[in-house]
Ligand SMILES: N[C@@H](CCC(=O)N[C@@H](CS)C(=O)NCC(=O)O)C(=O)O
């Protein structure tokens, strides 16, 4: 396992500190780590306690999720978009935000569908809560996912809408890759890697986790991350998963260091 410091220690440090959840390949945290890897930015890892009270993190950032990125004494960045702008400023090359106006609009539009509230990862998490709070799960598992559901405003309406939201996003991402490939590009936007490729590669873990030799994780989390919803399974196209594998193979750190 990677080396982590406590949040209290990280607050007092200079430089770049990133709060992450040890042992779990959460798509938001893996995306931040992927961007830092591509940009070769050194950073100190601080520990978030998954679903815990995280009192120091709460005092520091007014919230308790991971990841959080903080540079020197600047305000801590708690969302993917603030983190992307910070990392792009600290290491402008390789550029992960397209310079071209239309490409940039498209990249942020699609990234928003994956990463923001009510996006793909958010809705896929609702489905984890739906599936792992069912009566056939053991009490300890149900407790964990009840808690996760309460933290992220799970309920019958969002649960019913979640498969459709995930599927429409997956279909749009498939169409985007097919269009790009027909035009001779291996990437989602333009002809080079952008943050969107990294966001997709890490979000895809919530459909099919990377194999154990590339991503070691506890059996419960592997089961939770493996999609079992038939609508999402039908929308998990070979092109989407091949793109995840290509981005990891060519650009990201393997095996994952959790
Ligand atoms: N605030 C982040 C999202 C972070 C997020 O949803 N983190 C989840 C990853 S599943 C988390 O920390 N879950 C465990 C917890 O809340 O303790 C953003 O908007 O970019």
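Numbering (the working numbering), first residue to last: 30 to 287.
Beta carbons: idealized from backbone N, C-alpha and C, even for Gly.
Which value, in whole angstroms, describes the spacing of the CA atoms of residue i and residue j?
i	j	result
residue 120	residue 62	14 Å
residue 90	residue 211	44 Å
residue 176	residue 79	11 Å
residue 262	residue 144	20 Å
residue 130	residue 194	27 Å
residue 253	residue 259	15 Å
residue 48	residue 40	10 Å
residue 137	residue 36	30 Å
residue 162	residue 34	32 Å
residue 56	residue 43	26 Å
residue 112	residue 45	11 Å
residue 213	residue 207	10 Å
residue 74	residue 65	12 Å
residue 32	residue 146	30 Å
residue 241	residue 282	15 Å
residue 286	residue 164	34 Å
By DSSP's criteria, residue i is part of a beta bridge. Which residues make up the other side?
i	result
residue 49	76
residue 106	98
residue 34	75
On a Cα-Cα basis, can you pick out the residue from the options that is closest to residue i?
i	options	result
residue 182	199, 170, 151 and 140	151
residue 284	219, 246, 264 and 255	246
residue 82	76, 93, 180 and 74	93
residue 96	65, 50, 73 and 115	50
residue 220	69, 200, 133 and 88	133
residue 169	275, 249, 286 and 278	249
residue 278	255, 115, 243 and 109	243
residue 127	156, 264, 272 and 217	217
residue 236	274, 224 and 223	274
residue 251	282, 157 and 207	157
residue 154	165, 172 and 180	180
residue 101	185, 110, 116 and 88	116
residue 53	234, 281 and 215	234
residue 199	139, 59 and 167	139
So for residue i, helix, strand or coil by DSSP?
i	result
residue 154	helix
residue 100	strand
residue 257	coil
residue 133	helix
residue 124	coil
residue 182	coil
residue 203	helix
residue 170	helix
residue 188	helix
residue 175	helix
residue 161	helix
residue 215	coil
residue 58	helix
residue 146	coil
residue 226	helix
Cβ of residue i less than 7 Å from any chain B Cβ?
i	result
residue 227	Chain labels in this structure do not include chain B; a single protein chain is all it has.
The segment 267-275 / the segment 184-194 touching (three or more Cβ pairs under 8 Å): no
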